[in-house]
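Comments concern the structure below.
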């Protein structure tokens with residue numbers, strides 16, 4: 009059995025895809041913390057663009073505000089309400105992309121999306137604390153909760169203007 013050091017602890021690598029009880033508890037604690045007290049929460053003023061995201065199945069709604077500096081670095085905040093998973097996922101995502109370039113943010117979003125959907129093993133994803141949401145793949149009905157913020161962020165980065173997205177959009181890559 010091989011262990012890999014991660015920024016928030018050790019976890020089993022490949023030979024066992026099941027996380028230890030201690031790591032599961034740590035991940036759950038982090039999700040609850042970010043769900044109750046989201047980071048980067050509030051209106052970003054002035055914001056170059058914003059995106060409203062809606063998950064009608066769960067009732068999650070958020071508005072994400074974005075500035076991209078002349079150096080291409082991102083500053084973002086969000087407001088809204090929803091389940092602990094959607095709030096924590098958006099909080100952790102915005103924490104991860106602050107000060108990154110749009111290219112880095114889009115790459116991180118894609119790795120995160122693949123991990124949550126189970127398309128890539130969490131040990132292959134280099135996404136920092138977002139790894140705490142790796143267990144969502146076992147609950148297909150919660151994947152849209154976990155990807156609402158990333159779907160909204162990707163949309164606004166690529167479009168460059170204010171818009172609205174839904175987890176029910178046809179052609180959505182959620």
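In the working numbering, the protein residues as written are 9 to 182. From the three backbone atoms N, C-alpha and C, an ideal C-beta is built for every residue, glycine too.
The C-beta of residue 146 has fewer than 16 other C-beta atoms within 10 Å across all chains shown, which makes the residue exposed.
For residue 61, there is no enclosing alpha helix (DSSP H); the residue is part of the beta strand (DSSP E) that begins and ends at 57-63.
Going by DSSP, residue 118 is part of the alpha helix (DSSP H) stretching over 110-124. DSSP places residue 88 inside the beta strand (DSSP E), whose first and last residues are 82-89. Per DSSP, residue 174 is one residue of the beta strand (DSSP E) stretching across 171-174. Nearest in C-alpha terms to residue 86, of all of 97, 137, 37 and 108, is 97. Straight through space, the alpha carbons of residue 115 and residue 144 are spaced by roughly 20 Å.
Assigned with DSSP and collapsed to three states, residue 52 falls in coil, not helix or strand. Note: residue 72 is bridge-paired with 59 and 86 in the DSSP secondary-structure output. In the structure shown, residue 35 adopts helical secondary structure according to DSSP, grouped into three states. Your pair residue 52 and residue 83 checks out as a contact, with CB atoms roughly 7 Å apart and the cut at 8 Å. For residue 157, the uninterrupted alpha helix (DSSP H) run begins and ends at 151-167, by DSSP. Between residue 153 and residue 68 a beta carbon distance of about 6 Å is seen, short of the 8 Å cut, so the two are scored as contacting.
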